Ligand code: HEC
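In the working numbering, the protein residues as written are 49 to 497.
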């Protein structure tokens, strides 16, 4: 837990302390905190490494950063920090925090020089973070009931249903997530269900009937769609959060979380509707010890489409996921290539310009899984792993947000795509279920009226 500094004297000490530190190094070749390191950390690290966020320590001041110097050199040179898993050879993404080789070298030099402070007067002011809404005053705020995170809790998933009183269709323009106990929030996923959905109905594979709105973890920027684009929040939708809490257990580490999702709406229906597509393979059967199990699926839009972003979703054995466009003329292009997937980071990769793909382009998703003992996240390499919703089961979903370019095709955009070989089989199962439901409804209708 971070210690807070409340008294004026304490604040003066914190800010004044630097004035008595070693004078600025006259050798301009030397890398210092004030001149070189602070601007870099403020830009790329402190959105997570500041009090109240998920990262274990703040990097907002020299004093706080100094003890971590060696560790910073290590995690930046092996590129575990900042977290980002896209292969830079394919695509250019917004909010890509990746450090350049030069920046990594600079941090290394600073550590080698003894991590000097330099002239504190020259250091940039630490950025300020408003606790207000970056997207502007929300039109609606969905807030869950307070949830208690106990001291001994380490890793916990909680599905919650959130009250929604909106009885008209609304169009989402942007959304932002605020957690009151962000240190312990690993991620929030927001979903919409039909008006009669219940918490029970979201368990298991039934989950795929939900519409995914967005995923968030501390440090992830709010999502705002381009002008003219929006996502439908149907009247009376049931709103669900999937909360994943994660922290080091121990006395005094608990607290209360009450996460809110704020949304801004378009005043009227935007010209273009955005839909979420689950490109999914629901049949996984990963043998024990298998280090490179492969699974694929694909979506072929019937009309010209724009793709706004890519969100790979697998669990602990997830290793990589690649999104490739196979164009009708036979050319191929890798749209996003997540090479070192890490379940701990549920990141979304948003191309700087949406990817435009013509009708008939096959968007294939190719995932690999590592169920061997070499995978440090693997809880048990000796068991066979199948598709399921527990963290220790597996998932294979490539989420994309997309739209059809031509507005006349936007009313009924598909939300789910399976591997080609399975489609017929699943279609039959779907029809059978539909008939069963219709028969049941007819029966209860007769007896009820
Ligand atoms: C998206 C949020 C995020 C960003 C951005 C980020 N970090 Fe981290 N960082 C974390 C989290 C969370 C942890 C703890 C990881 C864990 O527990 O596995 C961490 C851990 C670390 C550690 C290891 C701490 C330890 O306990 O050994 C260092 C060092 C570090 N970060 C440095 C950096 C630097 C330097 C940057 C910028 C170049 C950066 N981080 C950017 C979230 C972030």
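Positions of the beta carbon are idealized from the N, C-alpha and C atoms, including for glycine.
Keep in mind the model is a prediction, meaning the values are calculated, not measured.
Leaving aside the five residues before and after residue 229 along the sequence, list all residues of the same chain whose C-beta is less than 6 angstroms from its C-beta, in chain order. 303 and 305
Buried versus exposed, by CB contacts within 10 Å (16 or more), residue 491: exposed
Quick one: is residue 271 buried, meaning 16 or more other Cβ sit within 10 Å of its Cβ, or exposed? buried
Check whether residue 431 and residue 360 have beta carbons under 8 angstroms apart: no
Of the residues 267, 166, 122 and 249, which one's Cα is nearest the Cα of residue 95? 267
Cut-off 6 angstroms between Cβ atoms - residues of its own chain near residue 188, not counting five sequence neighbours on either side: 311
In the region 116-147, which residue ranges form an unbroken alpha helix (DSSP H) of at least 4 residues, counting only runs that do not cross its ends? 117-125
Enclosing alpha helix (DSSP H) for residue 86 [first to last residue]: 86-92
Within 7 angstroms: the Cβ of residue 120 and any heavy atom of ligand 3? Within the structure as shown, ligand 3 is missing, the only ligands being ligand 1.
Any heavy atom of ligand 1 closer than 7 angstroms to the CB of residue 295? no
Spatial distance of residue 280 from residue 217 (CA atoms): 7 angstroms
Using three-state DSSP, classify residue 50 as helix, strand or coil. Note that residue 50 scores 33 on pLDDT, short of 50, meaning its location in the model is unreliable and no value can be drawn from it.
Run of the alpha helix (DSSP H) containing residue 111, from where it starts to where it stops: 110-113
My output table needs one value for residue 488: the three-state DSSP class, helix, strand or coil. helix
Evaluate contact between the region 412-428 and the region 359-374, counting only Cβ atoms and requiring at least three cross-stretch pairs below 8 angstroms. yes
Tell me the rounded alpha-carbon separation between residue 472 and residue 322. 27 angstroms
Should residue 486 be labelled buried (16 or more other beta-carbon atoms within 10 Å of its own) or exposed? exposed
Excluding the 5 residues flanking residue 145 on each side, which residues of the same chain have their C-beta closer than 7 angstroms to its C-beta? 92, 130 and 132
Residue closest to residue 87, alpha-carbon to alpha-carbon, out of 104, 108 and 404: 108
How is residue 216 classed by DSSP in three states: helix, strand or coil? coil
Would residue 118 and residue 79 be called neighbours here (beta carbons separated by less than 8 angstroms)? no
Let me know the secondary structure DSSP gives residue 158 once reduced to three states. helix
Do you know whose CA, among 269, 198 and 277, lies nearest residue 296's CA? 198
Rounded to the nearest angstrom, what separates residue 253 and residue 259 at their Cα positions? Its pLDDT being 46, under 50, residue 253 is placed unreliably by the model, and the measurement read from it follows with that caveat. Approximately 13 angstroms between the Cα atoms of the pair.
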